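Read through the structure below, which is laid out as structure tokens, and then see the notes.
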Amino acid sequence: MIFPMKIIDKINEKKVTVSFEIFPPKKQDAFDSVKNTAIELTSLSPDFISITYGAGGSTQSNTAELAAAVENAGTAALAHLTCVRSTREQLTESIGTFKSKGIQNILALRGDFPRDASEDENVFPSGLVHASDLVPVLKDAGFCVGGACYPESHPESANRDDDIELLKKKVDAGVDFLTTQMFFDNDMLYSFLYRLQSAGIRVPVIAGIMPITNANQVSRMIDLSNAYIPRKLLSICDRFRNSPNAMRQAGIAYATDQIIDLISNGVRGIHIYTMNKPDIAREIVRNVDSIVAAVNGESAAK
Ligand code: FAD
Numbered sequence: 000m001i002f003p004m005k006i007i008d009k010i011n012e013k014k015v016t017v018s019f020e021i022f023p024p025k026k027q028d029a030f031d032s033v034k035n036t037a038i039e040l041t042s043l044s045p046d047f048i049s050i051t052y053g054a055g056g057s058t059q060s061n062t063a064e065l066a067a068a069v070e071n072a073g074t075a076a077l078a079h080l081t082c083v084r085s086t087r088e089q090l091t092e093s094i095g096t097f098k099s100k101g102i103q104n105i106l107a108l109r110g111d112f113p114r115d116a117s118e119d120e121n122v123f124p125s126g127l128v129h130a131s132d133l134v135p136v137l138k139d140a141g142f143c144v145g146g147a148c149y150p151e152s153h154p155e156s157a158n159r160d161d162d163i164e165l166l167k168k169k170v171d172a173g174v175d176f177l178t179t180q181m182f183f184d185n186d187m188l189y190s191f192l193y194r195l196q197s198a199g200i201r202v203p204v205i206a207g208i209m210p211i212t213n214a215n216q217v218s219r220m221i222d223l224s225n226a227y228i229p230r231k232l233l234s235i236c237d238r239f240r241n242s243p244n245a246m247r248q249a250g251i252a253y254a255t256d257q258i259i260d261l262i263s264n265g266v267r268g269i270h271i272y273t274m275n276k277p278d279i280a281r282e283i284v285r286n287v288d289s290i291v292a293a294v295n296g297e298s299a300a301k
């Protein structure tokens, strides 16, 4: 049996890591199908697979179940955990569940401010109101801890300087590495990395790449992330909106191009938001496997 390791050890060991994100199903009867997706993704030998928490109404215990399935398949799992609308007891219980399943890595998140919250609801009943409050709790429990960051700033941040200053608090609270929000223009990331350096933020930053394989995804992504969509990607969506196969191929090519440019420019972590589509992840990995292997001094998988 292989014992999956802490993600920070992998990051320190390799020149480039490639990882995936999946999300648990909204409906319980789809659990087995997502579990199969997770197992299929492990066969692509990623450095880790992250599993979102609570997003889109999915049940939170499924995060732990999927993370355990990933670990049992010999791949390190990164379980996400949010503090919004959780009591201390609920957080303690979730942490205990992750521990009992052998999960060693957690992405510490605040979670989105609930849109349906009334004026008098306390949405942070645990008293942990920022990810930076959750980080020390997880570090004390012995986890390797990641945090989220936003190359184009978090939508609630007043400006980019504030965003970086508050990100530094999160890093100083003990974050081992950061994973970025999706972005479609690599220059956004390069400028962000430069600002992190200037602010003295030195932890590894893993770049989040979302392959756009369906034109309707773009408007959803803008809603979700405020991401800038370059003209090149907009043209792809406009031109191939009604040709699913062409859109899929062009979206994979766009994501591949982004990844090659990132690796060429020294970015050391690539995290693919798979949207639970292993076939797309597989094609992207195939497109870049020799590049990743060359940088890591390995031979590419067949
Ligand atoms: P924080 O780090 O707490 O930041 C939120 C806002 O508060 C920012 O504007 C920040 O500048 C500010 N801030 C931070 N610290 C302080 C402080 N000490 N004092 C004052 N202001 C502060 N959501 C889910 O529900 N489930 C998931 O699984 C999930 N996974 C994600 C994975 C990644 C890689 C990313 C980028 C996002 C993910 N999200 C997920 C979305 C995330 O929950 C939202 O973006 C949320 O609005 C912010 O979470 P955070 O952890 O970045 O918050």
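In numbering that gives the first Met the number 0, the protein residues as written are 0 to 301. Backbone N, C-alpha and C define an ideal beta-carbon position, used for all residues, glycine too. Computed from a prediction, not measured in an experiment: that's the story for all the values here.
If I'm right that residue i touches residue j with Cβ under 8 Å, what's the distance once you round it to whole angstroms?
i: M181; j: I208; result: 7 Å
i: N35; j: L77; result: That pair is no contact at about 19 Å.
i: A63; j: F97; result: 6 Å
If I follow the unbroken alpha helix (DSSP H) through residue i, where does it start and stop?
i: F191; result: N185 to S197
i: E12; result: I6 to E12
i: A72; result: Careful: A72 lies outside any alpha helix (DSSP H) and carries neither H nor E.
i: Q59; result: It is not in any alpha helix (DSSP H) - Q59 carries neither H nor E in the DSSP assignment.
i: V291; result: P277 to N295
i: C82; result: Unbroken run through C82: none, as it is neither H nor E.
i: R241; result: First, the residue type needs correcting, since residue 241 is Asn and not Arg in the sequence shown. Note, N241: premise wrong, no alpha helix (DSSP H); not H, not E.
In terms of alpha-carbon separation, which member of the options lies closest to residue i?
i: V122; options: A66, I290 and R109; result: R109
i: T41; options: A66, N61, Q216 and P23; result: A66
i: Y272; options: H129, Y189, S156 and T179; result: T179
i: V217; options: L188, F183, R201 and K276; result: F183
i: S263; options: D161, L188, D186 and I290; result: I290
i: V294; options: H270, L261 and K138; result: L261
i: I38; options: I235, G265, D278 and E88; result: D278
i: T74; options: K5, S85 and A140; result: K5
i: A249; options: K168, D237 and T212; result: T212
I need the straight-line Cα distance from residue i to residue j, nearest angstrom please.
i: L106; j: I94; result: 12 Å
i: V128; j: C82; result: 7 Å
i: Q59; j: G126; result: 20 Å
i: S99; j: N241; result: 47 Å
i: A198; j: P135; result: 21 Å
i: G55; j: E120; result: The predicted position of G55 is uncertain, since its pLDDT is 46 and thus under 50; no value can be drawn from it.
i: E151; j: R159; result: 8 Å
i: I48; j: D162; result: 27 Å
i: H153; j: G145; result: 17 Å
i: S32; j: A292; result: 30 Å
i: G53; j: I283; result: 27 Å
Report the partner residues of residue i according to the DSSP bridge assignment.
i: G101; result: Beta-bridge pairing links G101 to no other residue.
i: H129; result: For H129, which the question treats as bridged, DSSP gives no partner whatsoever.
i: V204; result: L177
i: G268; result: T16 and I205
Identify the continuous beta strand (DSSP E) that holds residue i and give its terminal residues.
i: C148; result: C143 to C148
i: S18; result: T16 to I21
i: T41; result: T41 -> not in any beta strand (DSSP E); alpha helix (DSSP H) instead, spanning F30 to T41.
i: S49; result: F47 to I50
Can you tell me whether residue i sits near the ligand GTP, meaning its C-beta is under 6 Å from at least one heavy atom of the ligand?
i: L165; result: You won't find the ligand GTP in this model; what it holds is the ligand FAD.
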